[in-house]
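The next block holds one structure in the form of structure tokens; read it before the comments.
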């Protein structure tokens, strides 16, 4: 069987790439050994955001008295919550299958292994040839030696999302994005949470100004945060006993569940990449050039399997770009990648951080506007956080925008458009934004960077 292109992996990078290739007239097959949608749809982005929304709704109802609404006897039905999660996943799985069908993409179920740079084997018998291959096999949770996931006492993010019974308490190893998002979810439903991070701050690598707002909120919620602490051992009986190294001393902690969220590793183990001449780096991620091409000239790789920012929307963008490269030879364009963290409050950003901008440009200007000074934020009772913009001083060109606050994940898209297309502070400051709305925070931050803030004092 011969195709113009075969895509391996049906996650947010793979299925998007396959559909775009088919739309451009190519004969395409999509190989998937598990479920359509990949990790994001089945065990990551989608189910986690659904559960986070549900927990936030429960949390808001409990606080509704502030707005004069009295709600009594509110409780969480975990069976119905998990039924909603499963139904959502099934609906989206079916949606992808239908999209592949109407775009005439052949779906092949099974595990792919390379026989050469022009041929793969799926399962035990089926051999498939193609002029081009796209590897989009994604990533999976990394594990710590000695902390093997057993699905009961020691769990990963997949098992955490599928819990039907809320534990009284939970320890989370890893204070990164996944650990904090899941910790927030369980905390809002009533579980006592302890987060353990080996670095000196949670969300390592994220601007401390942004992190401090989230950390304050987490602690106010009763979440215990232990930084510069290493996990050294675990014992399982009726509960989980975890040995932690705190300030050079071993201390014992007891918990009902231990959730391990310590990063991710590439899904490259069973592909037989050497037979295709595809090289990986020291961590197992596939090495690609700026066009997504691997060391084998007709084989591309996209998304998590290539390392870097492990984001679904990055994978989808790369999938479209690689499809255009294969079909028409169009060169891939480098674009800033926006990102969001679904904590409470949320964090989002795009472009250069303040430190990166100062290192690259001679002079920069920074504008910051607090949500506390925004009418809409006060009206809905969500005033934590701020919007920060960074621009080159001479040209006023926007270099980066960062937000921490309610709905930051929604607000960042306007900023992404502005940074991507080189807009200036004045471009956004002079754009009429509806009032009262949260996006006004971006306009106000740009005015602050110009020294023309209306609703906060200007810096002198």
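In our numbering, the protein residues as written are -9 to 450. Heads up, the beta-carbon is just placed ideally off N, CA and C, and yes, glycines get one too.
Once the 5 residues before and after residue i are set aside, which same chain residues still bring their CB inside 7 Å of it?
i: residue 180; result: 156
i: residue 150; result: 172 and 249
i: residue 478; result: Because the chain is modelled from -9 through 450, residue 478 falls outside the range shown and cannot be assessed.
i: residue 451; result: One cannot answer for residue 451 here, as it falls past the ends of the chain, which runs -9 to 450.
i: residue 260; result: 101 and 103
i: residue 458; result: Limits of the chain in this structure are -9 at one end and 450 at the other, which puts residue 458 out of reach.
Quick one, are the C-beta atoms of residue i and residue j less than 7 Å apart?
i: residue 159; j: residue 182; result: yes
i: residue 71; j: residue 102; result: no
i: residue 10; j: residue 316; result: no
i: residue 257; j: residue 128; result: yes
i: residue 0; j: residue 22; result: yes
i: residue 325; j: residue 410; result: yes
i: residue 322; j: residue 269; result: no
i: residue 365; j: residue 380; result: no
i: residue 343; j: residue 138; result: no
i: residue 252; j: residue 134; result: yes
i: residue 413; j: residue 377; result: no
i: residue 18; j: residue 95; result: yes
i: residue 123; j: residue 240; result: no
i: residue 415; j: residue 408; result: no
i: residue 51; j: residue 66; result: no
i: residue 232; j: residue 224; result: yes
i: residue 2; j: residue 207; result: no
i: residue 97; j: residue 90; result: yes
Judging by CA-CA distance, which residue of the options is the nearest neighbour of residue i?
i: residue 12; options: -7, -1 and 26; result: -7
i: residue 27; options: 314, 340 and 86; result: 86
i: residue 442; options: 253, 355 and 241; result: 355
i: residue 352; options: 382, 367, 368 and 370; result: 382
i: residue 16; options: 345, 314, 360 and 357; result: 314
i: residue 453; options: 259, 221, 208 and 349; result: The chain is shown from -9 up to 450; residue 453 falls before or after that span and cannot be answered.
i: residue 359; options: 338, 299 and 438; result: 438
i: residue 219; options: 263, 312, 184 and 277; result: 184
i: residue 302; options: -3, -2 and 5; result: 5
i: residue 444; options: 230, 392, 170 and 363; result: 363
i: residue 286; options: 49, 109 and 54; result: 109
i: residue 93; options: 8, 368, 230 and 262; result: 8
i: residue 195; options: 345, 152 and 422; result: 345
i: residue 30; options: 388, 308, 229 and 83; result: 83
Kindly list the residues whose CB is nearer than 6 Å to the CB of residue i, restricted to its own chain and excluding five residues on each side of it in sequence; keep chain order.
i: residue 456; result: This structure cannot settle anything about residue 456, because the visible part of the chain is limited to -9 through 450.
i: residue 396; result: 335 and 372
i: residue 328; result: 340, 402 and 406
i: residue -9; result: 118
i: residue 164; result: 251 and 252
i: residue 394; result: 200, 203, 335, 337 and 375
i: residue 189; result: none
i: residue 367; result: 361 and 373
Cutting at 8 Å between CB atoms, please list the residues of its own chain near residue i, excluding the five before and the five after it.
i: residue 113; result: 100 and 101
i: residue 227; result: none
i: residue 167; result: 193 and 331
i: residue 462; result: There is no way to answer for residue 462, as the model of the chain reaches only from -9 to 450.
i: residue 106; result: 265 and 266
i: residue 46; result: 178 and 334
i: residue 56; result: 371
i: residue 147; result: 33, 34, 38, 131, 168, 172, 249 and 251
i: residue 271; result: 277 and 297
i: residue 14; result: 313, 314, 317 and 318
i: residue 421; result: 433
*Counting Cβ pairs closer than 8 Å, one from the stretch 123 to 137 and one from the stretch 290 to 310, do we hit at least three?*
yes
*asked:* Assess contact between the stretch 245 to 252 and the stretch 136 to 153, defined as three or more Cβ pairs (one per stretch) separated by less than 8 Å. Is contact present?
replied: yes
*So, do the stretch 401 to 408 and the stretch 418 to 435 have three or more beta carbon pairs nearer to each other than 8 Å?*
yes
*Write down every uninterrupted run of the alpha helix (DSSP H) in the stretch 214 to 277 whose length is 4 residues or greater and which is fully enclosed by it, in chain order.*
263 to 266
*Evaluate contact between the stretch 77 to 93 and the stretch 34 to 41, counting only Cβ atoms and requiring at least three cross-stretch pairs below 8 Å.*
yes
*Along the chain, which unbroken stretches of the alpha helix (DSSP H) at least 4 residues long are found entirely within the stretch 346 to 406?*
365 to 370
*Segments assigned beta strand (DSSP E), at least 3 residues, entirely inside the stretch 185 to 213*: none
*For the stretch 121 to 164, which segments carrying the alpha helix (DSSP H) assignment without a break, of at least 4 residues, lie completely within its bounds, in sequence order?*
147 to 151
*What are the uninterrupted segments assigned as alpha helix (DSSP H) that are 4 or more residues long and contained completely in the stretch 50 to 134, given in chain order?*
68 to 92
*asked:* If we require 4 or more residues per run, which alpha helix (DSSP H) segments fall completely within the stretch 13 to 49?
replied: 28 to 33
*Any beta strand (DSSP E) of 3 or more consecutive residues that is wholly inside the stretch 406 to 447*: none
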